[in-house]
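Below is one structure, written out as structure tokens; the observations come after it.
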Amino acid sequence: MGALGDEEFRAEVRAFIAAELPSDMASRTLLGYHPHKPDVEFWTAKLDKRGWAALNWPVEYGGTGWSITKRHIFDEECYLAGCPAVNPQAFHLVGPIIYAIGNEAQKNFFLPKIRSGEHFWAQGFSEPNAGSDLAALQTRAVREDDEYIVNGQKIWTSEAQYCDWVFCLVRTSTEGRKQAGISFLLVDLKAPGITIRPIIGIEGGHVLNEVFFEDVRVPVANRIGEENEGWTYAKQLLGAERTFSAVVPRCKGLAVRTRAIASRDGSKGRGKLIDDPHFARRLAQLEIELMAHEATLARVVAEEEAGVNQHSPTPSILKVKGTELLQKLGALAIEALGDSAIPDYPEADYLLDPPNDAPGAPAAYGVVSDFLYHRSATIYGGANEVQRNIIAAQLLRA
Amino acid sequence: MELHFLPTEEQAMLRDSVRRWAAGRDVRAAGDQQVDWAYGAEQGWLMAGLPEEAGGLGGSDADSAVIAEELGRALVRTGFVESGMVAAQLLLAIAPERAEEIAMGGVQPVLAHDEPGMRACYLNVTTRAENVEGGWKLSGRKSAIVGTPTSLVVSARMPDAAVGLFEISAEDAPLRSYETFDGRTGGELTLEATPAELLLVGKPAESALLEAIDRALVLESAEALGAMEAAFDMTRDYLMTRKQYGQLIGEFQALRHRIADMFIELEQARSILVIGLGGLAGSNPQERARLAAATRARVAQAGQFVCGQAIQLHGGIGVTDEYPVGHFFKRITAFAARHGGEARQVERFAELS
Chain A
17 MGALGDEEFR
27 AEVRAFIAAE
37 LPSDMASRTL
47 LGYHPHKPDV
57 EFWTAKLDKR
67 GWAALNWPVE
77 YGGTGWSITK
87 RHIFDEECYL
97 AGCPAVNPQA
107 FHLVGPIIYA
117 IGNEAQKNFF
127 LPKIRSGEHF
137 WAQGFSEPNA
147 GSDLAALQTR
157 AVREDDEYIV
167 NGQKIWTSEA
177 QYCDWVFCLV
187 RTSTEGRKQA
197 GISFLLVDLK
207 APGITIRPII
217 GIEGGHVLNE
227 VFFEDVRVPV
237 ANRIGEENEG
247 WTYAKQLLGA
257 ERTFSAVVPR
267 CKGLAVRTRA
277 IASRDGSKGR
287 GKLIDDPHFA
297 RRLAQLEIEL
307 MAHEATLARV
317 VAEEEAGVNQ
327 HSPTPSILKV
337 KGTELLQKLG
347 ALAIEALGDS
357 AIPDYPEADY
367 LLDPPNDAPG
377 APAAYGVVSD
387 FLYHRSATIY
397 GGANEVQRNI
407 IAAQLLRA
Chain B
1427 MELHFLPTEE
1437 QAMLRDSVRR
1447 WAAGRDVRAA
1457 GDQQVDWAYG
1467 AEQGWLMAGL
1477 PEEAGGLGGS
1487 DADSAVIAEE
1497 LGRALVRTGF
1507 VESGMVAAQL
1517 LLAIAPERAE
1527 EIAMGGVQPV
1537 LAHDEPGMRA
1547 CYLNVTTRAE
1557 NVEGGWKLSG
1567 RKSAIVGTPT
1577 SLVVSARMPD
1587 AAVGLFEISA
1597 EDAPLRSYET
1607 FDGRTGGELT
1617 LEATPAELLL
1627 VGKPAESALL
1637 EAIDRALVLE
1647 SAEALGAMEA
1657 AFDMTRDYLM
1667 TRKQYGQLIG
1677 EFQALRHRIA
1687 DMFIELEQAR
1697 SILVIGLGGL
1707 AGSNPQERAR
1717 LAAATRARVA
1727 QAGQFVCGQA
1737 IQLHGGIGVT
1747 DEYPVGHFFK
1757 RITAFAARHG
1767 GEARQVERFA
1777 ELS
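In structure tokens, the structure reads:
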């Protein structure tokens, strides 16, 4: 039972997944490596056909119009079954901005291509000197007739190497407060003057990139909303998704996986690690923390839907608690693997077809990679230190 | 128990010399392990921890710990601790006539004792030894063998259930090598009636084995301490150079408290290491094991916090392969995963108390 209820809907989602998701794709996704683009394209098309790709969008733009509760149920079922996640920057970030702020031409051109999976999007916000202090960004866009000439650099751009477009915050004015001179541009990643350089993560995977802009020409028609209003739109965008950084499905998946690892024969002596009361107790402790976290999510969602308690800092709690729990569960999964965790199981070897003579245990594939990658979870999307500042600022308002 | 809180003059010099050697290294790369090994042997690192009567340089495990800490600082991948300080000393204790070969690094032995699922229940050896036509043959699985051994010191259960220690040349051992996630060389051994030389059997074998394990627990902790120190130093420097919101990030109180907490943990690790070394120098095997378990557990606890927060305070740059800090975290993660993990060593401490 999930804390979110609606068992009938849950059953419908499960039936759809059972019918449509190939089992090899599911097992590969569940290993915990980075998304494999052909899988994401395949699954996005399946969802689009069913009308479920844009689950967070209103019906008039081809979305499901679902309640937040239903969206969380859907997310959880998809995650636990091993469905590849749709391109999050497109569906969760730029899509909602386009339908909320964009003009008719932008809506008509971009939204269908996101839904079908034709366009993958990257987010161009952070810069080398504008991380937590995002408004310090310096990428310049200078107006020349009906084009902007963009120069500068973005960093930590997830999946840029296989995206088609990037939405960027750029500086169009240096007057006034630093938040005031920022505009929101949609940029074709194939435009001349763009260079993408990979950043390899500590887990050995390639998700992150640097994106360099050298005299890149962007039609003014690709600006979202008004010039110098980009900061307001970006804030709106970050606020709209505030319950989805709780990473509840991911934590649940990891708890299940850790239990399975500890339940292998021979995981402790001739027996099972899970039968060791010390280990079982520590896993249970994290499962209880997860239960309270999931219930907090459900409560915040109920409040959002009822429009009550909107000034509570609980959404920041969700991000902090979820990401920290994810890291604790990852550490326990590694402990459960013990010596089997030690071999490097590189993504390239395991994503499609694990080698026959792999060392260690199949249960270990992807566990350390996932753990190492998620050291970033407490950093990205507003570092947990920033989230704690937000919590304190809201609590201590006079 | 005698505890040594201050380094001797010789230890300070030893520290400086290893640090100078390691200073120019790229902590992100494994480097040439054979070259490292030859250099270390020439410098006497393999014998630093041995008294003169045992063919050593008149030193102690505390001297080995000084070297190990510096090797950890530079993330040296070569198994000096595993081979040179643990397995070589074990081999030397059993076969003193091989002192010269061992001291010169001519043999690179590794202890192949751990088995899948052993989880630091060190006497649960399931690898079996059989006497076939006057020779010994071993069957079983050995895991998490770190380094590039030329010789394996293998533990096995004798037909009468006693523990035996055997040697198998790496050429005769079907070692399945792999790269570890922290960039070292690891291996596992599948023995199927593999011929082996018997070194020692019964209580003497068990005692020698347990002493070697305690030495590994403590000296690997010294290496981990070095890795923590390097990650800590790097983070401290970063707080004093990186600016956000128009100020050094080291001026934010939250981050000042965090670096203070990291320092507190680092110092706890440094202190418990003194305790672990005191245990190795003592004469009571049970007390030695208890203190080695405490050392391993406390250093793993501190190391995971310090290196995890080192990444956190660096932000995005900290999770990239190109920046060194994540490599220290990986080393600590691997350290913490071995020997059953921190919690298992806490249990051992309780069992031995």
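If you read the sequences in order, they're chains A and B. This note's numbering puts the first residue of the first sequence at 17, with every later residue one more than the last. This note's numbering puts the first residue of the second sequence at 1427, with every later residue one more than the last. The beta carbon of each residue, even a glycine, is placed where N, CA and C say it ideally should be.
Check                                                                                                                                                                                                     : Outcome
Run the CB neighbour count on G1505 of chain B, radius 10 Å, all protein chains shown included, and call it buried at 16 or more, exposed below.                                                          : buried
Can the beta-carbon of N167 of chain A be found less than 8 angstroms from the beta-carbon of E243 of chain A?                                                                                            : no
In three-state DSSP terms, what is V1732 of chain B?                                                                                                                                                      : helix
Between the Cα of E163 of chain A and those of A:H327, A:K268, A:P235, A:Y178, spot the shortest distance and give me the residue it belongs to.                                                          : A:P235
Between D1540 of chain B and the rest of its own chain, which residues show a CB-CB distance below 7 angstroms, the 5 nearest in sequence each way excluded?                                              : K1568, S1569, A1570
Please work out which residues of its chain come closer than 6 angstroms, Cβ to Cβ, to Q403 of chain A, disregarding the five sequence neighbours upstream and downstream, and give them in chain order.  : S332, K335, V336
What is the DSSP secondary structure of Q169 of chain A, counted as helix, strand or coil?                                                                                                                : strand
Between the Cα of V1789 of chain B and those of B:L1778, B:E1623, B:I1520, spot the shortest distance and give me the residue it belongs to.                                                              : The structure shown has nothing for residue 1789 of chain B, since chain B only spans 1427 to 1779.
Using a cut-off of 7 angstroms between C-beta atoms, extract the partners of A399 of chain A located in chain B.                                                                                          : G1741
Could you name the residues that DSSP lists as bridge partners for F229 of chain A?                                                                                                                       : A:G168, A:I210
Answer yes or no: do L1699 of chain B and D1487 of chain B have a C-beta to C-beta separation smaller than 8 angstroms?                                                                                   : no
Could you give the first and the last residue of the continuous beta strand (DSSP E) run that contains C184 of chain A?                                                                                   : 181-187
What is the DSSP secondary structure of M17 of chain A, counted as helix, strand or coil?                                                                                                                 : Here the model assigns M17 of chain A a pLDDT of 44, short of 50, so the residue's position is not dependable, and the following value carries that caveat. DSSP places M17 of chain A in coil when its eight states are reduced to three.
Hey, would you say the C-beta of L1429 of chain B is under 7 angstroms away from at least one heavy atom of the ligand SAM?                                                                               : Ligands in the displayed structure: none, and consequently the ligand SAM is not present.
If the cut-off is 8 angstroms on Cβ atoms, which residues from the region 1743-1763 of chain B count as contacting chain A, listed in chain order?                                                        : G1744, V1745, T1746, D1747, E1748, G1752, H1753, F1755, K1756, T1759, A1760, A1762, A1763
With a threshold of 8 angstroms on Cβ separation, who are the neighbours of G1457 of chain B within its own chain once the five nearest residues in sequence on each side are excluded?                   : R1451, V1502, R1503, T1504
Under 8 angstroms, Cβ to Cβ, is there at least one residue of chain A near A1728 of chain B?                                                                                                              : no
Please report whether the beta-carbon of A1680 of chain B lies at a distance below 8 angstroms from any beta-carbon of chain A.                                                                           : yes
Please confirm whether A1656 of chain B and R1774 of chain B have their CB atoms less than 8 angstroms apart.                                                                                             : no
Whole beta strand (DSSP E) runs in the region 109-170 of chain A with 3 or more residues, listed along the chain?                                                                                         : 137-140, 156-160
Give every residue of the same chain whose Cβ lies closer than 7 angstroms to the Cβ of M1530 of chain B, excluding the five residues on either side of it in the sequence, and list them in chain order. : A1467
Which residues in chain B have a C-beta closer than 7 angstroms to the C-beta of G284 of chain A? List them in chain order.                                                                               : It should be pointed out that residue 284 of chain A corresponds to Lys in this sequence rather than to Gly. Under the 7 angstroms cutoff, chain B gives G1543, R1545.
Since N103 of chain A sits in a beta bridge, which residues does DSSP pair it with?                                                                                                                       : Note: N103 of chain A sits in no beta bridge, so no partner.
Between L1626 of chain B and the rest of its own chain, which residues show a CB-CB distance below 8 angstroms, the 5 nearest in sequence each way excluded?                                              : I1520, G1590, L1591, A1634
If the cut-off is 7 angstroms on Cβ atoms, which residues from the region 1562-1583 of chain B count as contacting chain A, listed in chain order?                                                        : S1569, A1570
Can you tell me whether G1590 of chain B is helix, strand or coil according to DSSP?                                                                                                                      : strand
With distances taken Cα to Cα, identify the nearest neighbour of A207 of chain A among A:V110, A:R297, A:I165.                                                                                            : A:I165
Could you give the DSSP three-state label for S174 of chain A: helix, strand or coil?                                                                                                                     : coil
Looking at the unbroken beta strand (DSSP E) that takes in R1503 of chain B, where does it start and where does it end?                                                                                   : No beta strand (DSSP E) contains R1503 of chain B, which DSSP labels as neither H nor E.
Taking the straight line between their C-alpha atoms, what separation do you get for V203 of chain A and A61 of chain A?                                                                                  : 24 angstroms
Taking the alpha-carbon of Y1664 of chain B as reference, which of B:I1737, B:E1713, B:L1617 has the nearest alpha-carbon?                                                                                : B:I1737
Taking the alpha-carbon of V1732 of chain B as reference, which of B:L1778, B:E1526, B:R1696, B:T1606 has the nearest alpha-carbon?                                                                       : B:R1696
8 angstroms is my cut-off, CB to CB: does I1737 of chain B come that close to chain A?                                                                                                                    : yes
Please work out which residues of its chain come closer than 8 angstroms, Cβ to Cβ, to A196 of chain A, disregarding the five sequence neighbours upstream and downstream, and give them in chain order.  : S189, N244, W247
Where do the ends of the alpha helix (DSSP H) carrying R1757 of chain B lie?                                                                                                                              : 1751-1763
Among the candidates A:A296, A:H294, A:G98, A:S279, whose CA atom is the shortest distance from the CA of K288 of chain A?                                                                                : A:S279
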